[in-house]
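Undergrad: My questions all concern the structure below.
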Amino acid sequence: MSYEYLKFGKEEKDFIAKIEEISGQNIYSCYQCGKCSAGCAFSDKMDRSVSQLIHLIQIGQKEKVLKSNTHWVCSSCLTCTVRCPREIDVAALMEAVREYSLREDYEKVIISEISKEALDKLPNIALVSNFRKKTG
Amino acid sequence: MKIGVYLCECGSNIASTVDVEDLAEQAKEFPNVEVSRVYKYVCSDPGQLLIKQDIEEKQLDRIVVAACSPRMHEPTFRAVLEDMGLNPYVLEIVNIREQVSWVHDDKKKGTVKAASLLKGAVLRASLMHPLERKKVGVTPNALVIGGGIAGIQASLDLADMGFDTTLVEKSATIGGKMSQLDKTFPTLDCSQCILSPKMVDVNRHPNIDLLALSEVVEVEGYVGNFKVKIKKNPTYVLADKCTLCDDCVPVCPVIEHDEYNQGFSPRRAIYIPYPQAVPASYLIDPNSCLGIEPLICSKCKDVCGPEAIDFDMKPEIIEKEVGAIIVATGYEPYPIENIGEYGYGTIPDVISGLDFERIVSASGPTDGTIRRPSDGKIPKTVVFVHCAGSRDPSKHLPYCSKVCCMYATKHALQYKHLVHDGTAINFFIDIRTAGKDYEEFYQRAAEEDQVIYIRGKVSEVFQDGDRLLVKGADTLTGETVELHADLVVLATGLMPSAGTKEIASLLNLSVGMNGFIREAHPKLKPVDTAIAGVFVAGTATGPKDIPETVSNASGAASRAAGILSQDELEIEGTVAQVDEDLCRGCGLCAEACPYSAIEIKAINKYGHALRVAFVNEAMCKGCGSCAAACLNGAINQLGYTDSQILALIGALGEG
Chain A
17 MSYEYLKFGK
27 EEKDFIAKIE
37 EISGQNIYSC
47 YQCGKCSAGC
57 AFSDKMDRSV
67 SQLIHLIQIG
77 QKEKVLKSNT
87 HWVCSSCLTC
97 TVRCPREIDV
107 AALMEAVREY
117 SLREDYEKVI
127 ISEISKEALD
137 KLPNIALVSN
147 FRKKTG
Chain B
2 MKIGVYLCEC
12 GSNIASTVDV
22 EDLAEQAKEF
32 PNVEVSRVYK
42 YVCSDPGQLL
52 IKQDIEEKQL
62 DRIVVAACSP
72 RMHEPTFRAV
82 LEDMGLNPYV
92 LEIVNIREQV
102 SWVHDDKKKG
112 TVKAASLLKG
122 AVLRASLMHP
132 LERKKVGVTP
142 NALVIGGGIA
152 GIQASLDLAD
162 MGFDTTLVEK
172 SATIGGKMSQ
182 LDKTFPTLDC
192 SQCILSPKMV
202 DVNRHPNIDL
212 LALSEVVEVE
222 GYVGNFKVKI
232 KKNPTYVLAD
242 KCTLCDDCVP
252 VCPVIEHDEY
262 NQGFSPRRAI
272 YIPYPQAVPA
282 SYLIDPNSCL
292 GIEPLICSKC
302 KDVCGPEAID
312 FDMKPEIIEK
322 EVGAIIVATG
332 YEPYPIENIG
342 EYGYGTIPDV
352 ISGLDFERIV
362 SASGPTDGTI
372 RRPSDGKIPK
382 TVVFVHCAGS
392 RDPSKHLPYC
402 SKVCCMYATK
412 HALQYKHLVH
422 DGTAINFFID
432 IRTAGKDYEE
442 FYQRAAEEDQ
452 VIYIRGKVSE
462 VFQDGDRLLV
472 KGADTLTGET
482 VELHADLVVL
492 ATGLMPSAGT
502 KEIASLLNLS
512 VGMNGFIREA
522 HPKLKPVDTA
532 IAGVFVAGTA
542 TGPKDIPETV
552 SNASGAASRA
562 AGILSQDELE
572 IEGTVAQVDE
582 DLCRGCGLCA
592 EACPYSAIEI
602 KAINKYGHAL
612 RVAFVNEAMC
622 KGCGSCAAAC
632 LNGAINQLGY
642 TDSQILALIG
652 ALGEG
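Those protein sequences? They're chains A and B, same order as listed.
Numbering of the first sequence is given in the working numbering, commencing with residue 17 and proceeding in unit increments.
Numbering of the second sequence is given in the working numbering, commencing with residue 2 and proceeding in unit increments.
Set out below in structure tokens:
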């Protein structure tokens, strides 16, 4: 069995602090009830649910957060933000992860390399997000 | 003999399934029935008046009421009889609501069943005799067993009400587990600061007789009249002479682990448990002192100015008479060395919750700096493991220990307050914060102090160099995780203390599957026990936090005061009666009695010493177990004699 190694060093703490700074949210306000994930219209398109992504930020798993598609699938419809019992602006957190990812130059998407098949399947909003990646 | 029969419609509760008018007609034909009536609510004032008028006008001497369960209105109707000068025990109640109308929907069959029950009741009423309610005196003193916060609170409440109270504590000081705690959730009050004023109050209270280092060894008697024997163990230091100068301690050559600090610091064989101890006196540990049998060393005695040391002190037996007893014998932590995979006892930096309390305490072995036991370093990452022992029916404790979520959260928060750049990680199954301001406390720990919560259990802890490798699950991500920590704190579960088990067995109290004392009713009689006059407070009935324990103790004190404030107690007339001619002294009844109310005594009869059963009427609850157990038919259950019961069965057989 492989174990994910948890670390709470400078890199992890800086990552958490940056996400909190960009979003203006306290990541540890989240007590993992899952209401954001439960109400998210795009949950089935996400490889990790919204609340899982938040939990991964809480435990400093930067690589996993950035590799996830969750924040890119998010359409900022704000359902999660409105419903969160802890008054966390979840959409702002998703935006912060996107922002962080762009600043890190992480996984830059090259539009011309997206296959025709993938383009057909992609929801429009994902493409819009991709443009942002490109231009950001 | 003239019997009056009263049938209640109970609105439509009874009348819709039982034809009460028809029953009333049938009842008129039953033997000795003088009058038979139907009323909408017999329990109401006009209903009671109806019975009273009939008793007066028709000279009734037996009353049968067919209505709800006697648990509801037996006292009401008994009072009606007493008001009219009749004996309250010539009343028979037939339960045609819970046992007929509420459990049947066929009105015809329901009426037939009710008629049989009613006939039996009328036949039984003819065989009833007036019974006497005896009275016993009450000794207005109380005994409280256990000097933790529950026993302290119960003693103070009783003493404040004016009752002489004996508080018996097994160890050398009162204060219990609460005295070892550093801070208390959710307010972070210093535990000792809020406890020690109460300890001082106990010591100073003129109505409290505090017996520390003492054990209850024998209890006899019954409600209002218990006789108790208490063994007071020797301290080998005369408390009235000891000036607490501490001269004896530095000269003592024996070094022991200090129990108060969970063994993390040393103490001598002569010591005081902690500075705020009550009673404030030094004592000698007879297991390690070199001066007691045989006398090898007497260094402390040599330096003691006031000559307070007496190596020849012996245990003494103190006898007390009390009217009520409160059991407040508390809990002890689960032996977490039983959870082998966590390594407690083999890995020095895996500690228990109580260990952490001492390590974080300013009065503890590290003077309030968090240092780990192995090398005294300040840990940078601490893992707190919730449910260590609790919620594990297969191997450990099946129940939730109730306080661990909160104390582990408190520990994590305290750690973060002292080690600002440290990381505190809690592995939990569920977070349970049911208490005033508890949820807010938990949220504060996460939000303000960045305490990290991972949902999942720790599977194993390994020593890895000078660090600990913790393996566990994160069920929120569905992944297994591992991390290095410097200290692991196990949020240890609570189990009944050895004292709770001993006292329960001494007083014959019933205990639940987990060894905690069973309440008379878990909801409506939470501080009563099955034994009249014996109450229970605090964690002896199950895990409780401090506020719950204190209110529980005040509840027990008030219930005990309900007995102690009476001049006499009235005893139900429906008790067991032994026919000494038929009794052969076999003792089956004494074994069957759940209340220890029967004793086999030797009497002198016809010039022979005979063994016969003797019923203590004050302790007898009239359950009838003895009458059923007796092979000779020598025990009569007054109010429920064999002939009366046979009349009931006979009527049912006819239908």
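Even glycine gets a Cβ: it sits at the ideal position worked out from N, Cα and C.
Predicted model only: the values in this text are computed from it and were never measured.
Helix, strand or coil, according to DSSP, for F442 of chain B in the structure here?
TA: helix
Undergrad: Counting only C-beta atoms, is K458 of chain B closer than 8 Å to chain A at any point?
TA: no
Undergrad: Kindly indicate which three-state DSSP category L61 of chain B falls into: helix, strand or coil?
TA: coil
Undergrad: So with CB distances below 7 Å, who are the chain B contacts of F24 of chain A?
TA: For F24 of chain A, the residues of chain B that pass the 7 Å Cβ criterion are T382 and T424, in the order they occur in the chain.
Undergrad: Quick one: grab the DSSP three-state call for C246 of chain B.
TA: coil
Undergrad: By how many angstroms is the C-alpha of I371 of chain B removed from the C-alpha of V420 of chain B?
TA: Going by the C-alpha atoms only, they are around 8 Å apart.
Undergrad: Need the endpoints of the alpha helix (DSSP H) that Y223 of chain B sits in, please.
TA: Not the alpha helix (DSSP H): Y223 of chain B falls in the beta strand (DSSP E), residues S215 to Y223.
Undergrad: Go through its chain and collect everything with a Cβ distance to I43 of chain A's Cβ below 8 Å, but skip five positions before and after it.
TA: Around I43 of chain A: I32, I35, E36, I70, I73, Q74 and L109.
Undergrad: Does DSSP put R372 of chain B in a helix, a strand or coil?
TA: The answer is coil: DSSP assigns R372 of chain B none of H, G, I, E or B.
Undergrad: Closer than 7 Å by beta-carbon distance: list the chain B residues that pair up with H71 of chain A, in chain order.
TA: Simply L477 and T478.
Undergrad: If I follow the unbroken alpha helix (DSSP H) through D30 of chain A, where does it start and stop?
TA: K26 to S39
Undergrad: For P267 of chain B, which option in B:A281, B:V279 and B:V250 has the closest C-alpha, if you only look at C-alpha atoms?
TA: B:V250
Undergrad: Ordered along the chain, which non-local residues of its own chain (more than five positions away) have a Cβ less than 6 Å from that of G12 of chain B?
TA: none
Undergrad: Within 8 Å (strictly less), CB to CB, does E20 of chain A reach chain B?
TA: yes
Undergrad: Check whether the Cβ of T481 of chain B lies closer than 8 Å to any Cβ atom in chain A.
TA: For T481 of chain B, the answer is yes, since a Cβ of chain A falls inside 8 Å of its Cβ.
Undergrad: How long is the line joining the alpha carbons of E449 of chain B and G40 of chain A, rounded to whole angstroms?
TA: 14 Å
Undergrad: Are the C-beta of K75 of chain A and some C-beta of chain B separated by less than 8 Å?
TA: The question names Lys, but residue 75 of chain A is Ile in the sequence shown. With 8 Å as the cut-off, I75 of chain A counts as an interface residue toward chain B.
Undergrad: For S39 of chain A, would you say it is in contact with chain B, using Cβ-to-Cβ distances shorter than 8 Å as the test?
TA: No, S39 of chain A does not count as interfacial toward chain B.
Undergrad: Just reading off the alpha helix (DSSP H) that D158 of chain B is part of, what are its end residues?
TA: I150 to D161
Undergrad: Pick out whichever of A:T86, A:Q48, A:S117 and A:K23 has its Cα sitting closest to the Cα of S65 of chain A.
TA: With distances taken between Cα atoms, S65 of chain A lies closest to A:T86.
Undergrad: What's the call for P139 of chain A, buried or exposed, on a 16-neighbour Cβ count within 10 Å?
TA: Exposed, by the Cβ-count rule.
Undergrad: Counting only Cβ-Cβ distances shorter than 9 Å, please list the residues of the stretch 270 to 294 of chain B near chain A, keeping chain order.
TA: none
Undergrad: What would DSSP say about E333 of chain B, mapped onto helix, strand or coil?
TA: strand
Undergrad: I'd like the list of long-range same chain contacts for V551 of chain B, defined as Cβ closer than 7 Å, with 5 residues on each side in sequence excluded.
TA: I150 and Q154
Undergrad: Does the separation of the CB atoms of A240 of chain B and H206 of chain B fall below 8 Å?
TA: no
Undergrad: Assuming V279 of chain B and N204 of chain B make a contact with CB atoms under 8 Å, what is their CB distance in whole Å?
TA: Contact between V279 of chain B and N204 of chain B holds, since their C-beta atoms are separated by about 5 Å, short of 8 Å.
Undergrad: A577 of chain B: which of B:R560, B:F615 and B:K381 sits nearest, CA to CA?
TA: B:F615
Undergrad: Does N42 of chain A get closer than 8 Å to chain B when you measure Cβ to Cβ?
TA: yes
Undergrad: With K83 of chain A as the anchor, note down where its alpha helix (DSSP H) starts and where it stops.
TA: Per DSSP, the continuous alpha helix (DSSP H) segment holding K83 of chain A begins and ends at K78 to K83.
Undergrad: When the Cβ atoms of the stretch 405 to 420 of chain B are set against those of the stretch 351 to 363 of chain B, are three or more pairs found closer than 8 Å?
TA: yes
Undergrad: In this structure, how does DSSP classify Q567 of chain B when only helix, strand and coil are distinguished?
TA: DSSP, reduced to helix, strand and coil, places Q567 of chain B outside both helices and strands of the structure shown, so it counts as coil.
Undergrad: Should V201 of chain B go down as buried or exposed, given a rule of 16 or more other Cβ atoms within 10 Å for buried?
TA: exposed
Undergrad: Only counting the same chain, and skipping five residues up and downstream in sequence, which positions put a Cβ closer than 8 Å to that of D422 of chain B?
TA: K381
Undergrad: Nearest-angstrom Cα distance between Y223 of chain B and L196 of chain B?
TA: Just so you know, the alpha carbons of Y223 of chain B and L196 of chain B end up roughly 33 Å apart.
Undergrad: Starting from the C-beta of Q181 of chain B, find all residues in its chain whose C-beta is less than 7 Å away, skip the five residues before and the five after it, and write them out in chain order.
TA: Y261, L355, E358 and R359.
Undergrad: Please name the residue in B:D46, B:V66 and B:V36 whose C-alpha comes closest to that of K59 of chain B.
TA: Checked all of B:D46, B:V66 and B:V36; the closest Cα to K59 of chain B is B:V36.
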